[in-house]
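These protein sequences, in sequence, are chains A and B. So the first sequence is numbered by the numbering used here: it starts at 324 and just counts up by one. So the second sequence is numbered by the numbering used here: it starts at 39 and just counts up by one. In what follows, a structure is listed as C-alpha cells, so that the remarks can point back to it.
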Amino acid sequence: MAKKQIYYEDVEVGSEVPTLEKISTTQMAVRWAGASGDFNPLHWDESFAATQGTGGIITHGALKRAWLVQLVTDWIGAEGRVKKFACQYRGMDYPRRMATMGDPAEGETWLCKGTVANKKVEDGQHLVECDIWVENGKGEKTTPGSATVILPSKKA
Amino acid sequence: MADESIMTDEIKAMIGTLSEPVIMEVGRVAIRRYADAVGDENPLFHEVEDAKAAGYEDIICPPGFWGWPIKGRATIGGMSIVGAVLVKAGLFRILDGGVDQEFYIPIRAGDILTAYSKIADIREREGKAGKMIFTTVETTYLNQNGDTVAVNRATIIAR
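Put into C-alpha cells, the structure is as follows:
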C-alpha cells in the first residue's frame with residue numbers, strides 16, 4: 324500500500340481532512356441504485372420526482388453519506404478504523420445530466436470536507452472526532468455530519 | 039388547519055414494531071461493485087492481498103455497506119415497515135433524513151449478516167414546509183458468530 328499512514332500524534336484539533344471532490348450525475352445515481360439496492364425512482368425518474376416536491380431528481384442521501392465515508396477512510400488509511408459515523412441530509416442536491424455516454428454535462432462539483440474537532444484516548448483507543456460535510460457548488464453544506472475514528476499511535 | 043397534527047393513531051402504534059430479520063450475504067463482487075459506484079478505489083475494498091496485509095481475512099466493506107439481501111427485503115432504513123402506513127395516512131412524500139451509525143467489528147467478504155430492525159421512535163416536527171413525521175429505524179447487524187458488528191439508526195421524513 325503506497326499511501327502513507329496517518330497516526331494519532333499527526334493530528335491536532337483544527338487539522339483539516341484532505342478534501343475529496345465528487346460529481347453527482349444521473350449515471351452515478353443509476354450505478355449507486357444497482358450497487359446499494361436503493362431503487363427509489365426519486366433518484367432517476369423525472370416524472371416520479373415531479374410528484375415528490377423535491378424540485379426534480381435528487382442525489383441519494385446515502386450516496387453523499389458514502390462520499391463522506393470515503394473522505395474519512397481515505398484519510399485514516401489502512402490502519403485506521405471508523406468507530407462512529409453520522410450525517411444528516413439537510414439540503415437537496417441535483418445530479419448533473421450526462422452529455423455523452425460517459426461524460427457529465429457542465430455543472431456543479433461537490434466538495435467533501437472535514438476538520439478535527441477533538442482527540443482523546445479512551446479505553447486504550449486513540450480516538451479522533453471530526454466534523455465532516457458535503458458542500459455544493461454554491462458552498463452550502465447540504466450534508467453535515469460527524470465521525471469518530473480510531474487511529475494507530477506511534478507510542479503503541 | 040395549520041395546527042392540526044398529522045400523526046395518526048395507526049402511525050403512532052408503529053413505535054416498537056420489529057421487522058422480519060433480513061439475511062445479508064457479504065460477497066467480494068458486491069463490495070467491489072458498491073465501492074466502484076461511489077468511485078472509491080481504496081484497496082481494502084478491492085484487493086484481497088492489501089486487505090490481508092492490513093490484518094483482515096478478506097476485503098472489507100466500506101463502513102455503511104452491509105452486503106446484499108439473500109432472504110427478506112432490505113429497504114432503506116427499514117422503510118418497508120413504516121412506508122405503507124405513512125402513505126395510507128396521506129404522507130406519500132418520503133425522504134431519507136440521515137443516519138447515525140456505530141461500528142464494532144469490520145465486515146468482510148464471506149460474512150453472513152442478520153439484520154434486525156425496529157421502529158425506535160416516531161415524532162412529529164414543524165419544518166419550513168409544514169408538519170412532518172420523523173421516524174427512527176434502528177437496525178442491528180449480527181454476523182455468523184452471533185457478534186453485533188454494527189448498529190444503524192436511520193431517520194425517515196414523511197410529509
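Ideal Cβ positions, reconstructed from N, Cα and C, are used throughout, including at glycine.
- Put simply, the backbone Cα of residue 97(B) is about 28 Å away from that of residue 425(A).
- Taking the Cβ atoms as the reference, residue 61(B) lies roughly 16 Å from residue 103(B), outside the contact range of under 8 Å.
- Counting along the chain, residue 369(A) sits inside no beta strand (DSSP E); it lies in the alpha helix (DSSP H) bounded by residues 369-372.
- Excluding five sequence positions before and after residue 379(A), the CB atoms of its chain that fall closer than 8 Å to its own CB belong to 369, 372, 373 and 417, given in chain order.
- DSSP places residue 384(A) within a helical segment (H, G or I) once states are collapsed to three.
- Residue state for residue 155(B) is assigned as strand, using DSSP reduced to three classes.
- By the neighbour-count criterion, in which 16 or more other beta carbons inside 10 Å mark a residue as buried, residue 142(B) falls on the exposed side.
- Ranked by Cα distance from residue 65(B), the options 352(A), 345(A) and 358(A) are led by 358(A).
- The Cβ neighbour count for residue 473(A), taken over all protein chains shown within 10 Å, is at least 16; the residue is labelled buried.
- Under the 7 Å criterion on CB atoms, residue 384(A) is classed as interfacial with respect to chain B.
- Of the residues assessed, residue 363(A) falls on the buried side of the cut-off, its CB having 16 or more other CB atoms within 10 angstroms.
- Proximity of the stretch 74-86 of chain B to the stretch 132-139 of chain B falls short of the contact definition, fewer than three beta-carbon pairs being nearer than 8 Å.
- Of the candidates 405(A), 470(A), 469(A) and 347(A), 347(A) places its Cα closest to the Cα of residue 76(B).
- The contact set of residue 408(A) on chain B, defined by CB atoms closer than 9 Å, consists of 101, 102, 137, 138, 139, 140 and 141 in chain order.
- At a cut-off of 7 Å between beta-carbon atoms, residue 181(B) makes no contact with chain A.
- Annotated three-state conformation of residue 432(A) is coil, per DSSP.
- Those residues of the stretch 334-362 of chain A placed with their C-beta closer than 8 Å to a C-beta in chain B are 345, 351, 354, 355, 357, 358, 359, 360 and 361, ordered along the chain.
- The CB of residue 452(A) never comes closer than 8 Å to any CB in chain B; the least such distance is about 14 Å.
- For residue 62(B), the enclosing beta strand (DSSP E) has its first and last residue at 60-63.
- Closer than 8 Å at the C-beta level to chain A, one finds these residues of the stretch 71-88 of chain B: 71, 72, 74, 75, 76, 77, 78, 80, 81, 82 and 88.
- Look at residue 365(A) here: in three-state DSSP terms it is helix.
- About 6 Å separates the CB atoms of residue 59(B) and residue 153(B); that is less than 8 Å, so the two are in contact.
- About 14 Å separates the CB atoms of residue 410(A) and residue 340(A); that is not less than 8 Å, and the two are not in contact.
- Residue range 464-473 is occupied by the beta strand (DSSP E) that includes residue 469(A).
- Taking 7 Å as the threshold, the shortest C-beta distance from residue 412(A) to chain B falls below it.
- Annotation: the continuous alpha helix (DSSP H) that includes residue 358(A) extends over 349-359.
- DSSP places residue 409(A) in the uninterrupted beta strand (DSSP E) bounded by 404-411.
- The beta-carbon of residue 185(B) is placed no less than 7 Å from the nearest beta-carbon of chain A.
- Taking 7 Å as the cut-off, the beta carbon of residue 52(B) is found closer than this to the beta carbon of residue 120(B).
- Following the DSSP letters along the chain, one finds residue 345(A) inside the beta strand (DSSP E) bounded by residues 339-345.
- Interface criterion met: the Cβ of residue 92(B) is under 7 Å from a Cβ in chain A.
- By the beta-carbon neighbour count (other beta carbons within 10 angstroms, threshold 16), residue 365(A) is buried.
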